[in-house]
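Colleague:
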Amino acid sequence: MNKCSEIKGIRSPLFSVKMGLSNCGGDKYEGVRENNFFGTHLTGPVLIKNPHFLTYLAEIILGKTPESGYLKHERAGFEVTLSELKKRMNAE
Numbered sequence: 004m005n006k007c008s009e010i011k012g013i014r015s016p017l018f019s020v021k022m023g024l025s026n027c028g029g030d031k032y033e034g035v036r037e038n039n040f041f042g043t044h045l046t047g048p049v050l051i052k053n054p055h056f057l058t059y060l061a062e063i064i065l066g067k068t069p070e071s072g073y074l075k076h077e078r079a080g081f082e083v084t085l086s087e088l089k090k091r092m093n094a095e
């Protein structure tokens, strides 16, 4: 990722960083959340690769919890991604 900016003075970050770039230098946070505004430098399929975040946003937008089985494929894809990331983190 070519990130050519820093975000400073964030009071409520969106994510905590375990691996990769953060808002500013060596801090451990990425993005910003102010009320119902979500901002991030993340690229790619953010919602599909993060079904917990997708569920959270769906609950905010729909005002209810998605029914059982909702996001089944997204959760399966997330588990594969999470497994691969854990392997990378353990290799460092």
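Residue numbers (my numbering): 4 to 95.
Where is the CB? At the ideal position from N, CA and C, for every residue including glycine.
Can you have a look at Gly29 and say buried or exposed, based on whether 16 or more other CB atoms are within 10 angstroms of its CB?
Modeller: Per the 10 Å Cβ criterion, exposed.
Colleague: When the Cα of Asn93 is compared with those of Met22, Gly34, Cys7, which residue comes out closest?
Modeller: Met22
Colleague: Here's the rule I'm using: 16 or more other beta-carbon atoms within 10 Å means buried, otherwise exposed. How should Asn26 be labelled?
Modeller: Buried.
Colleague: Gly28 by DSSP, collapsed to three states: which one?
Modeller: coil
Colleague: Could you give the distance in angstroms between the alpha-carbon of Gly112 and the alpha-carbon of Thr43?
Modeller: No statement about residue 112 is possible, as the shown extent of the chain runs from 4 to 95 and does not include it.
Colleague: For Pro16, which residues in the same chain have their Cβ closer than 8 Å to its Cβ, ignoring the five residues on either side in sequence?
Modeller: Asn26, Tyr32, Glu33, Gly34, Val35, Arg36
Colleague: Taking the C-alpha atoms as reference points, what is the distance between Ile51 and Leu74?
Modeller: 9 Å
Colleague: Would a C-beta distance cut-off of 8 Å place Glu77 and Leu57 closer than the cut-off?
Modeller: Yes; because the gap between Cβ atoms is below 8 Å, this pair is in contact.
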